[in-house]
Amino acid sequence: MADSHSPDSEPTTRTLLRRVLDTADPRTPRRPRSARIGCWSLHSAQISPLETSSSRRLRSQTKMSARRWSHRIRSIDRLAHVQASGHLEEQTPRTLLKNILLTAPESSTVMPESMMKPLTVPQMVQPSRRESSWSSLELQLPELEPPTTLAPGLLASGRRKQKLRLSVFQQGMDQELPLSQESRGNADASSLTSSLNLTFATPLQPLSVKRPGLARRPLTRRAVDVGTFFQDLRDTSLALPPPDTVLEDTQPFSQPLAGHSPSVRHSLPCPPHSGAKELERADSRRTLSGGPGPQNNGPGEPAQLLAGKVEEAAAAAVGFPNASSSISGEDGVEPLQNRVGEEAEERTEESWSMREVEEAAGAQGSARAGEPEGHTEVTEAEGSWGAVEAKEPEGSSEDEDTSGRTASPELASSTPEFLQARRLQVLEPALLPSTAVLPSEPAQPLLARLPPRPRIAGPRPRPDPYKAGLNHYAKLFSFYAKMPMERKAVEMVEECLDKYFQHLCGDLEAFAAHAGRKTVRPEDVELLLRRQGLVTDQVSLHVLVERHLPLEYRQLLIPCAFSGNSVFPAQ
Amino acid sequence: MMEEEEGAEEQQRFSYRQRLKAAVHYTVGCLCEEVASDKDMPFSKQTIAAISEVTFRQCENFAKDLEMFARHAKRSTINTEDVKLLARRSNSLLKYITEVNENLAQFNLERKAKKKKKSEDENKDAVEPGEAGVVEIEN
Numbered sequence: 128m129a130d131s132h133s134p135d136s137e138p139t140t141r142t143l144l145r146r147v148l149d150t151a152d153p154r155t156p157r158r159p160r161s162a163r164i165g166c167w168s169l170h171s172a173q174i175s176p177l178e179t180s181s182s183r184r185l186r187s188q189t190k191m192s193a194r195r196w197s198h199r200i201r202s203i204d205r206l207a208h209v210q211a212s213g214h215l216e217e218q219t220p221r222t223l224l225k226n227i228l229l230t231a232p233e234s235s236t237v238m239p240e241s242m243m244k245p246l247t248v249p250q251m252v253q254p255s256r257r258e259s260s261w262s263s264l265e266l267q268l269p270e271l272e273p274p275t276t277l278a279p280g281l282l283a284s285g286r287r288k289q290k291l292r293l294s295v296f297q298q299g300m301d302q303e304l305p306l307s308q309e310s311r312g313n314a315d316a317s318s319l320t321s322s323l324n325l326t327f328a329t330p331l332q333p334l335s336v337k338r339p340g341l342a343r344r345p346l347t348r349r350a351v352d353v354g355t356f357f358q359d360l361r362d363t364s365l366a367l368p369p370p371d372t373v374l375e376d377t378q379p380f381s382q383p384l385a386g387h388s389p390s391v392r393h394s395l396p397c398p399p400h401s402g403a404k405e406l407e408r409a410d411s412r413r414t415l416s417g418g419p420g421p422q423n424n425g426p427g428e429p430a431q432l433l434a435g436k437v438e439e440a441a442a443a444a445v446g447f448p449n450a451s452s453s454i455s456g457e458d459g460v461e462p463l464q465n466r467v468g469e470e471a472e473e474r475t476e477e478s479w480s481m482r483e484v485e486e487a488a489g490a491q492g493s494a495r496a497g498e499p500e501g502h503t504e505v506t507e508a509e510g511s512w513g514a515v516e517a518k519e520p521e522g523s524s525e526d527e528d529t530s531g532r533t534a535s536p537e538l539a540s541s542t543p544e545f546l547q548a549r550r551l552q553v554l555e556p557a558l559l560p561s562t563a564v565l566p567s568e569p570a571q572p573l574l575a576r577l578p579p580r581p582r583i584a585g586p587r588p589r590p591d592p593y594k595a596g597l598n599h600y601a602k603l604f605s606f607y608a609k610m611p612m613e614r615k616a617v618e619m620v621e622e623c624l625d626k627y628f629q630h631l632c633g634d635l636e637a638f639a640a641h642a643g644r645k646t647v648r649p650e651d652v653e654l655l656l657r658r659q660g661l662v663t664d665q666v667s668l669h670v671l672v673e674r675h676l677p678l679e680y681r682q683l684l685i686p687c688a689f690s691g692n693s694v695f696p697a698q
Numbered sequence: 163m164m165e166e167e168e169g170a171e172e173q174q175r176f177s178y179r180q181r182l183k184a185a186v187h188y189t190v191g192c193l194c195e196e197v198a199s200d201k202d203m204p205f206s207k208q209t210i211a212a213i214s215e216v217t218f219r220q221c222e223n224f225a226k227d228l229e230m231f232a233r234h235a236k237r238s239t240i241n242t243e244d245v246k247l248l249a250r251r252s253n254s255l256l257k258y259i260t261e262v263n264e265n266l267a268q269f270n271l272e273r274k275a276k277k278k279k280k281s282e283d284e285n286k287d288a289v290e291p292g293e294a295g296v297v298e299i300e301n
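Protein chains in written order, with our numbering: chain P, 128 to 698; chain A, 163 to 301.
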């Protein structure tokens with residue numbers, strides 16, 4: 128190892144360290160000096176192998192670098208010895224560095240930048256260094272390299288803010304591979320100084336040196352959209368008033384049957400309301416859900432604004448004011464949030480799942496006394512649906528269908544008539560048998576589309592009840608097509624969907640009639656799914672429910688899903 | 163031993179199935195020949211084979227559906243209602259089946275009426291009320 132000392136004219140920490148190293152030369156690194164300096168000897172022991180290896184490597188590269196390296200090592204040793212000579216009791220790297228710090232600011236004339244660094248950096252680094260002084264000292268050697276790469280840049284930049292330097296330093300640390308000692312060639316007096324100065328900063332980056340991946344990157348913050356933020360605030364404030372009903376909805380099993388039915392009712396109609404509230408949901412859907420608002424079966428004009436509709440829905444909803452308003456409030460409250468999310472999914476499925484939920488809820492009647500309610504709800508839904516679909520079985524001609532559809536606008540501005548039916552809660556029993564409209568849909572198309580994408584259609588007031596609801600499905604279709612679709616194609620899709628739904632509901636109705644019933648029940652739905660091959664001996668209906676329904680509705684169907692191990696027997 | 167039995171049983175079932183398939187294939191072939199002679203357009207062998215395979219599989223589906231329908235109606239016997247439900251998809255088929263059903267019912271009625279008359283003629287005094295009662299019960 129070359130022992131020639133480069134002329135260190137600056138009275139800086141570097142010189143101090145060199146002095147330490149010089150004084151430490153005669154002592155062999157591996158010789159244990161004392162228990163107090165045990166760590167230091169360890170450090171020296173570490174230094175020596177590094178030194179030798181590094182020196183060898185250095186020799187292969189540059190003599191200068193070798194000299195630097197040796198200088199550094201010696202300087203460190205010298206410093207250690209200085210400290211040792213000074214304070215034999217506290218011969219630790221910590222004290223060493225502390226002394227370096229104390230001595231560093233004294234020489235500030237030659238290298239103002241380098242001096243600034245230790246002044247500012249150590250203050251930040253010191254607390255961390257206290258904790259990791261040992262590691263910092265250990266890492267001083269390898270850390271000397273990275274700073275060297277940074278040094279030119281740092282020095283070249285002239286006076287900089289400390290933060291900037293640190294960031295550059297961090298970048299340099301990130302770039303610098305751990306323990307790469309090839310960059311030592313860049314060392315020069317200033318760089319050495321800066322490197323020494325920067326070693327103080329290294330305790331911040333010990334991990335980064337060894338694991339670049341752990342280095343902290345500057346946080347990228349997105350600009351907060353104040354408008355949406357306030358909107359959310361308003362929504363949450365709206366949602367706050369009736370927290371009890373919200374809780375009630377989310378924990379249907381915490382209350383007796385009396386509480387069940389209202390909760391069931393609350394939960395089920397809520398989604399339409401919340402869906403209506405959600406501006407991001409399909410506009411047609413919104414118009415639909417807005418339609419149900421006026422429970423009096425009033426003129427559900429699809430042209431109504433959503434806000435107005437929501438308010439109407441909230442106000443007019445019989446027995447659902449709390450739920451609806453809470454739902455409309457939504458975002459702030461978690462259960463509502465989930466429900467809304469599910470609501471979106473629900474509505475994307477045109478409430479098919481909801482119907483199924485009703486049906487399934489009916490199926491679950493044994494476990495939950497909500498069956499009668501579910502049943503009535505099914506009937507309601509059927510009634511509403513029946514209003515639309517009732518015409519279909521009567522005549523397969525399209526005219527009848529359109530007439531049926533035109534009749535439906537009175538009930539609902541668009542397809543999810545069942546939502547309106549629920550609002551109405553007044554169903555002609557004659558409609559019931561024809562309402563084979565059950566959510567037999569959980570079949571392929573809906574389930575396939577389960578991750579719904581709320582879409583905002585352009586022309587919002589589309590008063591075409593015939594296919595307004597299908598509009599949403601068509602949009603989903605075009606979304607999943609991943610390609611732009613012609614308008615004609617979308618219309619074709621809507622037509623096909625229409626026929627498909629009609630067929631499906633006809634099947635359900637036939638099944639119900641086959642069993643001598645006038646109401647579509649979950650058994651009919653199960654039969655339909657079984658025929659479609661979705662429900663097999665291996666896969667039961669409940670499995671499908673669990674797989675495809677959002678949790679809030681799943682819990683209605685599968686009592687154990689959300690009860691948290693507290694399932695009460697039906698009474 | 164059990165595996166052998168099962169294997170033998172499996173083979174039996176398989177051979178039974180094959181025989182059924184052959185029967186269906188033969189029947190389909192006959193029907194296709196009729197249609198071919200009617201429309202003056204021959205059927206290729208692959209077509210007949212495809213049709214018979216489809217028929218066979220569809221028969222399986224029908225059977226399962228019929229069983230499901232019967233169970234849905236809480237019955238243990240497959241009924242004409244189940245068959246009608248199965249055929250509802252195709253209007254013409256449904257009409258045809260309904261017609262045949264009506265004819266059959268009528269025929270049965272007629273047969274029973276004839277039987278009743280015969281029984282009346284033959285066993286006027288003693289058996290008649292019994293038979294009439296039986297006939298009525300059957301109706």
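Glycine included, each C-beta is placed from N, C-alpha and C at the ideal position.
Query raised in the report: What runs of the alpha helix (DSSP H), each 4 residues or longer, lie entirely inside the stretch 186–210 of chain A?
Result: Runs found: none.
Query - Cutoff 8 Å: R657 (chain P) Cβ touching any chain A Cβ - result: Residue 657 (chain P) sits at position 530 when you count from the first residue of the first sequence. Yes - at least one Cβ of chain A is within 8 Å of the one on R657 (chain P).
Query raised in the report: Would A608 (chain P) be called buried (16 or more neighbouring beta carbons within 10 Å of its own) or exposed?
Result: If you number the first sequence from 1, residue 608 (chain P) lands on position 481. Around the beta carbon of A608 (chain P), fewer than 16 other beta carbons lie within 10 angstroms, which makes this residue exposed.
Query raised in the report: Can the beta-carbon of A637 (chain P) be found closer than 8 Å to that of L247 (chain A)?
Result: For the purposes of this step, residue 637 (chain P) is identified with residue 510 of the first sequence, where counting begins at 1. For the purposes of this step, residue 247 (chain A) is identified with residue 85 of the second sequence, where counting begins at 1. Between A637 (chain P) and L247 (chain A), the C-beta gap is smaller than 8 Å, which places the two residues in contact.
Requested in this report: Round the Cβ separation of E242 (chain A) and N263 (chain A) to the nearest angstrom and send it over; I've been treating them as touching at under 8 Å.
Outcome: Here the question's residue 242 (chain A) lines up with position 80 in the second sequence. Here the question's residue 263 (chain A) lines up with position 101 in the second sequence. For clarity, residue 242 (chain A) is Thr in the given sequence; the question names Glu instead. With a beta-carbon spacing of about 5 Å, T242 (chain A) and N263 (chain A) fall inside the 8 Å limit used to define contacts.
Query raised in the report: Listed from N- to C-terminal order along the chain, which residues in the stretch 224–248 of chain A have their beta-carbon within a distance smaller than 8 Å of any beta-carbon of chain P?
Result: Listed by position, the residues of the stretch 224–248 of chain A near chain P (Cβ gap below 8 Å) are D227, M230, F231, H234, A235, K236, E243, D244 and L247.
Query raised in the report: Taking any Cβ of chain P, which residues in the stretch 246–269 of chain A have a Cβ under 7 Å from it, in chain order?
Result: Listed by position, the residues of the stretch 246–269 of chain A near chain P (Cβ gap below 7 Å) are L247 and R250.
Requested in this report: Anything in chain A within Cβ reach of T631 (chain P), meaning under 8 Å, just list it in chain order.
Outcome: Here residue 631 (chain P) corresponds to residue number 504 of the first sequence, with the count starting at 1. Sequence check: residue 631 (chain P) is Leu here, not Thr. Close partners of L631 (chain P) in chain A (Cβ separation under 8 Å) are lacking, with about 12 Å as the shortest Cβ gap.
Query raised in the report: Would you call Y600 (chain P) buried or exposed, if buried means 16 or more other Cβ atoms sit within 10 Å of its Cβ?
Result: Reading the first sequence from its first residue, position 473 is the one you call residue 600 (chain P). Counting Cβ neighbours within 10 Å, Y600 (chain P) comes out buried, since at least 16 surround it.
Report task. Note down the Cα distance separating I259 (chain A) from A249 (chain A), rounded to an integer number of angstroms. Result -> Stepping through the second sequence from its first residue, residue 259 (chain A) is reached at position 97. Stepping through the second sequence from its first residue, residue 249 (chain A) is reached at position 87. Taking the CA atoms as reference points, I259 (chain A) sits about 8 Å from A249 (chain A).
Query raised in the report: Can you tell which of P:R644, P:L668, P:E621 and P:G643 has the C-alpha that lies nearest to the C-alpha of L655 (chain P)?
Result: Working through the first sequence from its first residue, we reach residue 655 (chain P) at position 528. Of P:R644, P:L668, P:E621 and P:G643, the residue nearest in Cα terms is P:L668.
Query - Residue closest to L143 (chain P), alpha-carbon to alpha-carbon, out of P:N226, P:H641, P:E621 and P:R221 - result: Numbered from 1 along the first sequence, position 16 holds the residue referred to as residue 143 (chain P). When each option's Cα is compared against that of L143 (chain P), the closest is P:N226.
**Report entry** Which listed residue (A:R181, A:T209 and A:Y178) has its alpha carbon closest to that of L193 (chain A)
**Finding:** Here residue 193 (chain A) refers to the residue found at position 31 of the second sequence. Nearest C-alpha to L193 (chain A): A:T209.
**Report entry** DSSP-derived helix/strand/coil call for T260 (chain A)
**Finding:** Translated into the one-based positions of the second sequence, residue 260 (chain A) becomes position 98. Correct three-state label for T260 (chain A): helix.
Query raised in the report: Who are the Cβ neighbours of F604 (chain P) in its own chain at under 7 Å, not counting the five residues just before and after it?
Result: The residue given as residue 604 (chain P) occupies position 477 in the first sequence. Around F604 (chain P): V620.
Report task. Taking C-beta pairs closer than 7 Å, name the residues in chain A that E618 (chain P) reaches, listed in chain order. Result -> Locating residue 618 (chain P) in the first sequence gives position 491, where the first residue counts as 1. Those within 7 Å of E618 (chain P) in chain A number zero; the least Cβ separation is about 26 Å.
Report task. Measure the alpha-carbon distance for E272 (chain A) versus P649 (chain P) and round it to whole angstroms. Result -> The count along the second sequence starts at 1 and reaches residue 272 (chain A) at position 110. The count along the first sequence starts at 1 and reaches residue 649 (chain P) at position 522. Roughly 42 Å between the two C-alpha positions.
Query raised in the report: Under the three-state reduction of DSSP, which class applies to P649 (chain P): helix, strand or coil?
Result: Numbered from 1 along the first sequence, position 522 holds the residue referred to as residue 649 (chain P). If DSSP states are grouped into helix, strand and coil, P649 (chain P) belongs with the helices.
**Report entry** Endpoints, the alpha helix (DSSP H) within which T242 (chain A) is located
**Finding:** Mapped onto the second sequence, residue 242 (chain A) falls at position 80. T242 to L248 is the span of the alpha helix (DSSP H), which, as asked, contains T242 (chain A).
Query raised in the report: Under 8 Å between C-beta atoms, does L676 (chain P) make it to chain A?
Result: Within the first sequence, the letter at position 549 stands for residue 676 (chain P). Not closer than 8 Å to any Cβ of chain A, the Cβ of L676 (chain P) fails to qualify, so no.
**Report entry** Same chain, Cβ closer than 6 Å to K183 (chain A), five either side skipped, listed in chain order
**Finding:** Taking the second sequence and counting its residues from 1, one reaches residue 183 (chain A) at position 21. Cβ neighbours of K183 (chain A) beyond the five flanking positions: F218.
Query raised in the report: When burial is assigned at 16 or more other CB atoms within 10 Å of the CB, is G633 (chain P) buried or exposed?
Result: Counting from 1 along the first sequence, the entry for residue 633 (chain P) is found at position 506. Answer is buried; the Cβ neighbour count reaches 16.
Query raised in the report: Would you say E650 (chain P) reaches chain A, if we count a Cβ-Cβ gap shorter than 8 Å as a contact?
Result: Against the first sequence, residue 650 (chain P) aligns to sequence position 523. It does; some Cβ of chain A falls within 8 Å.
Query raised in the report: Rounded to the nearest angstrom, how far is the Cβ of A235 (chain A) from that of A642 (chain P), given a contact under 8 Å?
Result: Here residue 235 (chain A) is taken as the residue at index 73 of the second sequence, counted from 1. Here residue 642 (chain P) is taken as the residue at index 515 of the first sequence, counted from 1. 5 Å between Cβ atoms; contact.
Query - Beta-carbon contacts of E653 (chain P) that lie in its chain and below 7 Å, excluding the five residues immediately before and after - result: Within the first sequence, residue 653 (chain P) is the residue found at index 526, counting from 1. So the list reads V662 and L668, once near-sequence residues are dropped.
**Report entry** With 16 other Cβ atoms within 10 Å as the buried cut-off, status of V647 (chain P)
**Finding:** Along the first sequence, read from residue 1 onward, the residue named residue 647 (chain P) stands at position 520. Label assigned to V647 (chain P): buried.
Query raised in the report: How close, in whole Å, do the beta carbons of F231 (chain A) and D244 (chain A) come, if the pair is a contact with beta carbons under 8 Å?
Result: If you number the second sequence from 1, residue 231 (chain A) lands on position 69. If you number the second sequence from 1, residue 244 (chain A) lands on position 82. Correct: roughly 4 Å between the Cβ atoms.
Query raised in the report: My guess is that S219 (chain P) and T140 (chain P) are in contact by the Cβ rule of under 8 Å, so how many angstroms apart are they, rounded?
Result: The count along the first sequence starts at 1 and reaches residue 219 (chain P) at position 92. The count along the first sequence starts at 1 and reaches residue 140 (chain P) at position 13. According to the sequence as given, residue 219 (chain P) is Thr; it is not Ser. About 17 Å; that fails the 8 Å criterion.
**Report entry** Close-in-space but distant-in-sequence residues of the same chain around V216 (chain A) (CB under 7 Å, 5 per side omitted)
**Finding:** Looking up residue 216 (chain A) in the second sequence gives position 54. Apart from sequence neighbours up to five positions away, no residue of its chain approaches V216 (chain A) with a beta-carbon distance below 7 Å.
Query raised in the report: Exposed or buried, P677 (chain P), counting other C-beta atoms within 10 Å across all chains shown (16 or more means buried)?
Result: Residue 677 (chain P) sits at position 550 when you count from the first residue of the first sequence. By the C-beta density criterion, P677 (chain P) is buried, having at least 16 other C-beta atoms within 10 angstroms.
**Report entry** C-beta contact flag for S214 (chain A) and V197 (chain A) at 8 Å
**Finding:** The residue labelled residue 214 (chain A) in the question sits at position 52 within the second sequence. The residue labelled residue 197 (chain A) in the question sits at position 35 within the second sequence. With respect to V197 (chain A), S214 (chain A) sits apart: the two C-beta atoms are not nearer than 8 Å.
Requested in this report: Would you kindly check if the distance between the Cβ of L635 (chain P) and the Cβ of D651 (chain P) is under 8 Å?
Outcome: To locate residue 651 (chain P), count along the first sequence from 1; it is residue 524. To locate residue 635 (chain P), count along the first sequence from 1; it is residue 508. Yes.
Query raised in the report: What residue does the alpha helix (DSSP H) around D625 (chain P) start on, and which one ends it?
Result: Numbered from its first residue, the first sequence carries residue 625 (chain P) at position 498. Counting along the chain, D625 (chain P) sits inside the alpha helix (DSSP H) bounded by residues R614 to H641.
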